[in-house]
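**Q** Count along the sequence shown from 1, then add 2; that gives the number in my numbering.
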Amino acid sequence: MTAPSISAFAELEASLTGELFYNIESSLHQAQRRVYATDASVYQEMPTAVAIPRTKEDLKALIKFANQHQITLIPRAAGTSLAGQVVGNGLVVDISKHFTQVLEVNPQEQWVRVQPGVIRDDLNVTLRPHGLLFGPETSTASRAMIGGMIGNNSCGLHSIVWGDTRTHLLSAKVLLSDGSEAEFKPLTHQELQQKLTLQNLEGEIYRKIFGLINDQDNRALIQQNYPKKTLTRRNTGYALDFLIDDAAGPEGQTTLDLCKVLAGSEGTLAFVTEAKLNLLPLPPKEEGLVCVHFNSLQEALEANIIILKHHPMSSELVDKYIMDFTKGHRTYDANRFFIEGDPAALLMVEFMADSQDIITQKAEALIADLKAAGLGYAYPVVRGALTKPVWDVRKAGLGLIRNLPGDTQPVNLIEDCAVSPEDLPAYVADLQKVLEKHKLQASYYAHAGAGELHIEPMINLKTNEGKRVFREVLAETTELVKKYNGSLSGEHGDGRLRGEFIPQALGQEVYELLKEVKQIFDPKHIFNAGKIVDTPPMNEFLRYEERPAQQLIPVETLFDFSRQEGILRLAEKCSGSGDCRKTHVTGGTMCPSYMATRQEKDTTRARANILRQFLTNSDKVNKFDHKEIKEVMDLCLSCKACKSECPSSVDVAKMKAEFLQHYHDANGVPLRTRMIGNFTKMQQLASVVPSVYNFMISNPMTSKLIKKTVGFAVDRSLPEVGKTTLKSWFKKWQKENAGAAKVGKPVYLFCDEFTNYNDVEIGQTTVKLLSALGYDVQIPEHLESGRTYLSKGLVRDAKEIAIKNVQLLSKAMANGTPIIGIEPSAILTLRDEYLDLVPAELVSAAQNVAANSYLLEEFLLKEAENGNITSSTFTQEKKHIKLHGHCYQKALQVLTPTQKILSLPQNYEVEMIPSGCCGMAGSFGYEEEHYDVSMQIGELVLFPAVRNAAPETIIAAAGTSCRHQIKDGTAKKALHPAEILWQALKK
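#1: Could you give the uninterrupted runs of the beta strand (DSSP E) lying entirely in the stretch 186 to 268, keeping only those of 3 residues or more?
#2: From the DSSP secondary-structure annotation, give me the bridge partner or partners of LEU171.
#3: Report the residue from ARG718, ASN760, GLN358, ARG498 whose alpha carbon sits nearest the alpha carbon of VAL44.
#4: Is it buried or exposed for ARG130, if we count other Cβ within 10 angstroms and need 16 for buried?
#5: Closest to LEU281 by C-alpha separation, out of VAL116, GLU954, SER491, would be which residue?
#6: Within 10 angstroms of the Cβ of LYS584, are there 16 or more other Cβ atoms? Answer buried if so, exposed if not.
#7: Of the choices ILE361, ARG235, HIS664, whose alpha-carbon is the least far from that of HIS456?
#8: Assign GLN34 to buried or exposed, taking buried as 16 or more other Cβ atoms, counted over all protein chains shown, within 10 Å of its Cβ.
#9: Check for me: the beta strand (DSSP E) holding GLN780 runs from which residue to which?
#10: DSSP on ILE121, reduced to helix/strand/coil?
#11: Taking the C-alpha atoms as reference points, what is the distance between ALA567 and LEU18?
#12: What did DSSP end up calling LEU291 once you bin it into helix, strand or coil?
#13: Identify whether ILE461 lies in helix, strand or coil by the three-state DSSP scheme.
#14: Once you ignore the five residues that flank ARG209 on each side, which residues in its own chain have a CB closer than 8 angstroms to its CB?
#15: Along the chain, where does the alpha helix (DSSP H) containing MET597 start, and where does it finish?
#16: Report the start-end ranges of each alpha helix (DSSP H) in the stretch 346 to 420 that is 4 residues or longer and not cut off at the edges.
#17: Could you have a look at PRO820 and say whether DSSP puts it in helix, strand or coil?
#18: Should ILE883 and VAL912 be called a contact, given that it needs their Cβ atoms to be closer than 8 angstroms?
#19: Decide yes or no for the touch test of the stretch 76 to 91 against the stretch 105 to 115: beta carbon pairs closer than 8 angstroms, at least 3 of them.
#20: State the Cα-Cα distance for the pair PRO427 and LEU310, rounded to the nearest angstrom.
#21: Between GLY580 and GLY213, which are expected to be in contact by the criterion C-beta below 8 angstroms, what is the C-beta distance as a whole number of angstroms?
#22: Classify THR704 as buried or exposed, calling it buried when 16 or more other Cβ atoms lie within 10 Å of its own Cβ.
#23: Apart from the five residues on each side of it in sequence, which residues of its chain come closer than 7 angstroms, Cβ to Cβ, to HIS312?
#24: Span of the alpha helix (DSSP H) holding HIS966?
#25: Quick check on the burial criterion: 16 or more other C-beta atoms within 10 angstroms. Buried or exposed for LYS439?
#26: By Cβ distance, which residues of its chain are closer than 7 angstroms to ALA688, with the 5 residues on each side in sequence left out?
#27: I need the straight-line Cα distance from LEU570 to GLU502, nearest angstrom please.
#28: GLU511 and LEU134: beta carbons closer than 8 angstroms?
#29: If you run the structure through DSSP and keep just helix, strand and coil, what is TYR890?
#30: Within its chain, find whatever has a CB closer than 7 angstroms to the CB of PRO505; leave out the 5 residues flanking it on each side and keep chain order.
#31: Please report the residue range of the beta strand (DSSP E) in which PRO77 lies.
#32: Pick out whichever of GLY713, GLN192, THR480 has its Cα sitting closest to the Cα of PRO672.
#33: With a threshold of 7 angstroms on Cβ separation, who are the neighbours of MET922 within its own chain once the five nearest residues in sequence on each side are excluded?
#34: Between ILE781 and the rest of its own chain, which residues show a CB-CB distance below 6 angstroms, the 5 nearest in sequence each way excluded?
#35: Cα-Cα, which of VAL519, TYR910, LEU942, GLU931 is closest to GLY918?
#36: Spatial neighbours of GLY379 within its chain, please: C-beta separation below 6 angstroms, excluding the five flanking residues on both sides.
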């Protein structure tokens with residue numbers, strides 16, 4: 003394929019209402035092309051261009067362009083495909099940003115019309131008030147889109163009951179390869195006859211497909227070579243086995259439904275613009291999971307056959323690899339509560355019913371049968387809301403196993419092969435012999451109930467030997483699939499991974515029929531060429547190429563990345579599973595900028611990918627010195643959500659700070675960046691004449707001038723300094739209270755830079771609160787936290803501060819005295835970044851400081867749990883509090899203490915606002931170019947929740963940036979927990 007000229011692309015761009023990225027001279031355009039070079043598969047190939055269409059007319063223009071210039075269009079939704087379906091050198095067409103409308107819901111007839119960019123879980127939130135849901139449920143359902151689910155014929159956890167996407171696709175409006183519009187749906191005999199007479203591409207498709215599937219030789223080939231029909235997950239090639247059933251009716255009653263072949267076609271036949279989907283009633287409200295523990299994988303697979311006789315909603319396997327990676331994980335370690343002992347495998351068997359009594363009966367009957375067969379050793383039953391964290395362990399499998407150290411990693415290769423459940427024990431036993439022959443280990447998980455285990459062998463694809471084994475394992479597994487009359491692809495599709503082996507799986511004659519189908523629909527191959535048929539070799543265009551040893555020079559960093567085996571390995575841990583593409587509807591914090599912009603460029607995945615690409619392939623001495631990386635990192639708010647919410651724990655905030663330091667080294671530090679980094683010094687100067695400073699930043703004329711000069715948004719208010727500093731006030735307060743007996747427990751207060759200069763009254767309140775509760779408050783010698791330097795990538799400055807603070811505080815805290823922080827972003831720096839900033843000789847001291855550092859709310863809750871603080875200390879007045887958590891509290895799992903301690907007063911009711919990041923993120927929300935995105939993030943959940951709160955409701959937020967954002971976005975004042983507890987204290 004010869005790429006179209008720049009002028010041709012420029013002409014196309016002018017005709018679109020959406021966006022087009024193609025210009026090799028633009029760092030933004032190049033960055034966009036790079037982030038679309040991968041999906042969740044092992045493949046990587048730079049697309050020629052990327053389009054983000056806004057309308058159907060844009061799609062038609064793209065199809066016209068593709069026909070004129072012989073370029074293929076690669077339709078892309080969430081990009082979570084595992085077989086490289088959306089990777090290629092064509093023109094990527096991303097429908098995920100604008101084609102997101104739920105067009106019509108018909109509760110009476112139980113169907114919905116949607117655009118292809120609607121997310122499955124978000125759709126079900128819309129459908130829930132109607133008592134309905136869309137059934138197919140992939141593990142990626144929080145970001146998987148209907149268009150992609152049609153393309154892959156997605157199934158999911160409950161497919162043994164709810165079926166696959168093909169089953170529920172009632173009709174689809176599509177654009178054909180000539181740009182004409184058509185609607186695929188079940189046709190009556192009369193409607194089919196009318197279609198056969200059309201003198202256009204649509205008519206041509208119907209005539210040729212009808213002829214192909216009515217040819218008796220073709221029918222015989224399909225019946226003899228396709229997987230057996232008792233296998234529900236069969237998605238190899240195009241679904242001709244479903245089409246021949248349509249044509250099998252009596253003469254005069256033949257029908258045809260092209261939706262059946264559209265589902266699973268991976269965007270290679272037509273471009274879906276709208277889908278009409280069948281809906282199911284919501285399942286019974288009560289649910290229970292029987293988590294059966296086994297001593298071996300084979301034992302679990304034998305038990306699965308018995309389990310299916312009990313008609314569960316699902317039977318899902320989790321193996322020891324996945325379970326072990328939950329140990330110590332910031333999010334998933336707490337989800338291990340149901341695991342007993344050290345099982346080799348678990349089967350999560352789900353029952354749903356109208357009452358827990360019925361679930362108990364079903365669970366007991368199953369357990370009795372398993373015990374009678376001598377299968378399993380533990381059978382805990384998890385019920386109600388506790389089933390969610392259990393399911394989260396299963397759904398996170400793909401990301402969790404990417405935590406394996408080293409270059410040998412689990413690969414998507416044979417993970418989609420399916421056989422009948424009764425054949426599963428024998429098939430897996432045979433497959434293990436293949437893996438043993440190649441000296442490979444593998445992870446086993448997922449859909450045991452449907453006969454499709456996601457089996458991921460561990461292979462080093464950075465070596466030529468690994469690539470050879472990669473091919474051989476798939477070739478040998480294909481023979482096993484044929485032996486059991488199974489399906490090479492169950493739900494993840496053929497793509498460019500398994501497409502090459504379809505002739506081996508179905509036979510060359512059937513493969514020629516598939517090529518004919520492609521030619522009928524798409525004679526010029528403008529739709530996703532190289533997928534399913536005519537694919538490139540499956541072990542080419544992988545993410546990694548073997549490199550000479552002399553080129554494998556470790557990247558020098560200021561942070562210590564040794565626990566992640568270096569910054570490159572940390573970036574490589576991103577599996578591409580796209581957990582960072584969920585929206586605010588699903589909840590969570592990761593990734594706030596994506597939630598606002600809905601751009602792939604602004605995902606955690608994109609940031610990890612672009613770092614990986616340049617750290618691997620850059621020829622520069624400073625591999626970070628690339629504008630493309632800066633383009634992709636620009637909207638990262640450093641919220642740290644990826645540190646905990648990403649199953650692979652890809653800490654992009656840490657990598658961004660490291661990147662920025664090296665980028666500054668090559669390009670200089672901008673003035674605004676230096677000013678923000680030196681925030682403490684500037685506030686120190688301002689505090690000398692606070693009234694003058696506060697007038698200058700609040701007066702409309704002078705404030706506007708200052709903001710324009712610095713590069714801050716004119717509409718953003720600036721933080722005022724206090725009339726005094728907290729440290730100055732504290733010295734006076736100590737003198738005034740010098741006569742009071744010091745009998746309380748000594749505690750240190752970390753006087754962070756924000757509280758010392760801006761939130762002085764909150765600091766004063768904290769000191770008074772702790773003292774009133776009986777604690778002897780001291781402020782030890784220490785520097786600022788270094789947070790402002792870290793936020794702007796001035797890591798060397800932050801490193802110096804971290805070293806000095808650890809030296810100072812470790813001496814002061816040698817006797818175990820705790821240090822308490824008011825501002826989360828400051829005190830939690832001691833527990834997070836400091837551990838990776840100090841030299842090896844100070845790590846032990848830094849760990850001691852971290853272990854004895856507490857947020858105020860954490861400390862107070864610990865004291866309350868020890869009986870040192872009781873609810874009787876506080877008022878019995880009723881109060882309702884809405885709590886917004888700081889991002890770092892969420893990322894480091896320390897938000898719950900805030901909720902609990904605010905609930906300590908007897909009649910205080912605390913409601914968590916289901917918000918992610920507030921959008922301010924330190925200086926981010928002040929900066930002129932980021933202000934709009936900052937406010938968009940606030941408007942997702944936080945601002946509406948605050949505005950809709952009753953006037954008497956207290957809004958709580960521990961973070962100084964959060965409170966400032968709430969003030970600017972809603973004109974309401976949020977209180978720090980210290981202020982709320984001080985007001986509640988009986989005095």
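Cβ atoms here follow ideal geometry from the backbone N, Cα and C, with glycine treated the same way.
Note that the structure is predicted; figures quoted are calculated from it, not measured.
**A** By the coordinates alone:
#1: Taking 3 residues as the shortest admissible run, the stretch 186 to 268 contains no complete beta strand (DSSP E) segment at all.
#2: LEU279
#3: Closest option to VAL44, Cα to Cα, is ARG498.
#4: exposed
#5: VAL116
#6: buried
#7: ARG235
#8: buried
#9: 777 to 780
#10: In the structure shown, the three-state DSSP call for ILE121 is strand.
#11: Here the sequence assigns Glu to residue 567, which means Ala is not the residue at that position. Approximately 45 angstroms between the Cα atoms of the pair.
#12: strand
#13: strand
#14: LEU198
#15: Counted as a single uninterrupted DSSP element, the alpha helix (DSSP H) harbouring MET597 occupies residues 594 to 599.
#16: 358 to 374, 389 to 397, 399 to 402
#17: coil
#18: yes
#19: Short answer: they don't touch.
#20: 14 angstroms
#21: That pair is no contact at about 41 angstroms.
#22: exposed
#23: LYS364, ALA367, LEU368
#24: Run containing HIS966: 962 to 972, per the alpha helix (DSSP H) assignment.
#25: Flag for LYS439 reads exposed.
#26: TYR695, VAL723
#27: 31 angstroms
#28: Cβ atoms of GLU511 and LEU134: not closer than 8 angstroms.
#29: helix
#30: Taken in chain order, the residues that qualify are TYR513.
#31: 75 to 78
#32: GLY713
#33: SER936, SER963, CYS964, HIS966, GLN967
#34: Excluding sequence neighbours, ILE781 sits near PHE732, LEU751, CYS753.
#35: LEU942
#36: Here residue 379 turns out to be Tyr, not Gly, going by the sequence shown. Once the five neighbours on either side are set aside, the close Cβ partners of TYR379 are HIS295.
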